[in-house]
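Protein chains: 2
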Amino acid sequence: MARPRRTLLTHERIVAAATALVDAEGLDALSTRRLAAELGVAGPSLYHYFATKDELLDAVANEVVGAVDTSMFASLGWSAALRAWAHSYRAALAAHPNIVPYLAQGPGRRPASLAMADVVYGALVKAGWPPARATHVGALMRYFVAGSALGSFARGFVEDPELYAAHYPHLSQAHRLAGHQRSVDDGAFELGLDALLAGLAATFETLRAAAPAR
Amino acid sequence: MARPRRTLLTHERIVAAATALVDAEGLDALSTRRLAAELGVAGPSLYHYFATKDELLDAVANEVVGAVDTSMFASLGWSAALRAWAHSYRAALAAHPNIVPYLAQGPGRRPASLAMADVVYGALVKAGWPPARATHVGALMRYFVAGSALGSFARGFVEDPELYAAHYPHLSQAHRLAGHQRSVDDGAFELGLDALLAGLAATFETLRAAAPAR
DNA sequence: GCCTATAATCTAGCGCTGTTAGTTTTTTGA
DNA sequence: TCAAAAAACTAACAGCGCTAGATTATAGGC
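Spelled out as structure tokens, the structure:
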């Protein structure tokens, strides 16, 4: 049982199995031995394909980010494109919530993150945003989307009303949040996105008025 | 060397040492044995004060969130209060960036998070926001602040221009970001906060016009 | 058609981790 | 004064990421 007649592993198979395991049981469940077992293989065999566990996690994160659609920047105005992109971005993260904490710690050197940043930045500059401001807009959108995908706001609340009544005078209805987690998170995201884009549109107009056209 | 004449540990001392260790060397450096050594004690002694490592981390996170100032909600209008609170909130997280990934995964049952949510929600409702919307506003602010504190946007970029020129046409100047990490992150936060608050003010007016006063 | 080099897996094992069990000694309270 | 509780200890377990070295199948050159 040393070298098999047909190769047992590929990068793709490992990344797919790792993604499935993290999705199903969380980041902590992903150990090299456990993942290897899932693939019908001994633990250290994975090191033939990835130098470290982090490198493997980066590959998983890269695939997740790679699923974000950025094609709208070619056809829509910057504001509409930003809105559609934010939705796609959030959906991609929400599809794999358990790797978000890992992924969100920095765009890192992940090619998919860099490619995304490139498209967004390029489109904003082309639309007339000053380069420095375009960088800020890209960053702030990432803050908002990553923050919203990171942890449900509503999830923290527990169904026991007694717990809140005593110490938190205004949170008397908070136990209801536990049952509406999804709609609270969605509503907050939509409200925030609307506000953000409306505010950016106003900023953009001010900028254009101050230093018109090119 | 069994029970000492004077108690060696307290909750406070442990939390303080854990915070210092995480701040100085990162989340991964915090192991029970390492922390215990720092306190001049054997590893398992910590379990007299905290049932699990997560409980200890929650205590650290709770202290960090407890440092956020919410007093402005008593004196300022909702918009100005939200702005000042966001700054305090971000500063509190930025002071301990290494626990942010842990902290951000949900408000959890941490008393400090619940107290903060209580004040914000109460102030917004009192200012005239409909309760459901007030919840959304609190959530979206958390998304933005946590997202901005989670990982520097600029940190991911590397100082080697060659790396970008080839594959990312618009990122040719991206290597400059590495040198201006702080100002990029600050600029993005301020721009986003301005946009968010301007947008929310417009939403608020619309809401008041539709269902005026009370 | 063999022989060598390389590729893909294995087993064994290191030092670390969070945590439990059970022991020891000191202090506290009746 | 004696028992109970408190606060530390040591020893140990299973699992972790990862390395080293052995093993065996395939591929390429003559």
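Read top to bottom, the protein sequences are chains A and B. Just so we're aligned: 181 in the UniProt record's numbering is position 181 of the first sequence, and the numbers increase by one with no gaps anywhere. Just so we're aligned: 20 in the UniProt record's numbering is position 20 of the second sequence, and the numbers increase by one with no gaps anywhere. Backbone N, C-alpha and C fix where the C-beta goes; we use that ideal spot for every residue, glycine too. Bear in mind the structure is a predicted one, so any value in this text is a computation, not a measurement.
So with Cβ pairs under 8 Å, would you call residue i a contact of chain B?
| i | result |
| --- | --- |
| F73(A) | no |
| D23(A) | no |
| R6(A) | no |
| T70(A) | no |
| S45(A) | no |
| H136(A) | yes |
| T203(A) | yes |
| Y121(A) | yes |
| Q105(A) | yes |
| P130(A) | no |
| L82(A) | no |
| A16(A) | no |
| A95(A) | no |
| L191(A) | yes |
Say whether chain A places a C-beta atom closer than 8 Å to the C-beta of residue i.
| i | result |
| --- | --- |
| D58(B) | no |
| L9(B) | no |
| E199(B) | The question names Glu, but residue 199(B) is Gly in the sequence shown. So yes, G199(B) belongs to the interface. |
| T206(B) | no |
| H170(B) | yes |
| D194(B) | yes |
| S148(B) | yes |
| D118(B) | yes |
| R142(B) | yes |
| G151(B) | yes |
| A188(B) | yes |
| V65(B) | no |
| D185(B) | yes |
| L76(B) | no |
| A91(B) | no |
| A115(B) | yes |
| A139(B) | yes |
| V41(B) | no |
Taking the CB atoms as reference points, tell me whether residue i and residue j lie closer together than 8 Å.
| i | j | result |
| --- | --- | --- |
| A170(A) | D118(B) | Per the sequence presented here, residue 170(A) reads as His, with Ala not at that position. Cβ atoms of H170(A) and D118(B): closer than 8 Å. |
| G77(B) | A198(A) | no |
| V64(A) | A18(A) | no |
| N62(A) | P101(A) | no |
| H136(B) | L191(A) | yes |
| V68(A) | Y89(A) | yes |
| I99(A) | L27(A) | yes |
| P97(A) | A149(A) | yes |
| A195(B) | T203(A) | yes |
| V41(A) | L21(A) | no |
| V125(B) | A139(B) | no |
| L114(A) | Y49(B) | no |
| S79(A) | A201(A) | yes |
| K53(B) | T70(B) | no |
| R3(B) | L39(B) | no |
| residue 219(A) | A165(A) | Because chain A spans 1 through 214 in this model, residue 219(A) falls outside it and cannot be assessed. |
Would you please state the rounded distance, in angstroms, between the beta carbons of residue i and residue j? I believe it to be under 8 Å.
| i | j | result |
| --- | --- | --- |
| F157(A) | A178(A) | 5 Å |
| M72(A) | A84(A) | 4 Å |
| M141(A) | L82(A) | 7 Å |
| Y121(A) | F144(B) | With 8 Å as the limit, Y121(A) and F144(B) do not qualify as a contact, their Cβ atoms being about 20 Å apart. |
| F130(A) | L207(A) | According to the sequence displayed, residue 130(A) carries Pro and not Phe. Right, the Cβ-Cβ distance comes to about 7 Å (below 8 Å), so this counts as a contact. |
| A146(A) | G147(B) | 5 Å |
| G66(A) | Q105(B) | Going by Cβ atoms, the distance from G66(A) to Q105(B) rounds to 24 Å, so no, they are not a contact pair. |
Could I get the ranges of all uninterrupted alpha helix (DSSP H) runs contained in the segment 88-176 of chain A, with 4 residues as the minimum, in chain order? 100-103, 111-127, 131-150 and 162-167
Runs of alpha helix (DSSP H) lying entirely within the UniProt domain "HTH tetR-type" (8-68) of chain B, each at least 4 residues, in chain order: 11-25, 32-38 and 53-66
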